[in-house]
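Chemist: Residue numbers (UniProt numbering): 1 to 62.
Backbone N, C-alpha and C fix where the C-beta goes; we use that ideal spot for every residue, glycine too.
Source: prediction; values computed, not measured.
After the C-alpha cells below, expect a handful of questions from me.
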C-alpha cells in the first residue's frame, strides 16, 4: 500500500499533500493507483487552492 504525506510553509501559510493507493507487482515492474490531494493555503485575501484526483503510476525494472 503506497502512501505519501508532507507539509510545509514558505510563500503560503500552509502547503500539504497526501496520497494513498494500492499497487500490484509484476515480473517487469509495479503498477500503482492512488488518490492524491494537494492544498495551498495562502493569506486571508488570496484564497486557497486544492487539487484532488487519481494518480496512475508505473515502475519498470530491467
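#1: Please identify the residue among 61, 38, 44, 46 whose C-alpha is closest to the C-alpha of residue 55.
#2: Quick one: what does DSSP say residue 30 is sitting in, helix, strand or coil?
#3: So, using beta-carbon positions, are residue 22 and residue 15 closer together than 9 Å?
#4: What did DSSP end up calling residue 23 once you bin it into helix, strand or coil?
#5: Can you tell me whether residue 41 is helix, strand or coil according to DSSP?
Modeler: So, from the listed chains and residues:
#1: To locate residue 55, count along the chain shown from 1; it is residue 55. Of 61, 38, 44, 46, the residue nearest in Cα terms is 38.
#2: Translated into positions along the chain shown, residue 30 becomes position 30. Residue state, collapsed to three classes: strand.
#3: Sequence index remark: in the chain shown, residue 22 carries index 22 (1-based). Sequence index remark: in the chain shown, residue 15 carries index 15 (1-based). No, these two residues do not count as a Cβ contact at 9 Å.
#4: As a first step, residue 23 must be located in the chain shown, where it is residue number 23. Here DSSP, grouped into helix, strand and coil, assigns residue 23 to strand.
#5: As a first step, residue 41 must be located in the chain shown, where it is residue number 41. The answer is strand: DSSP assigns residue 41 an E or B state.
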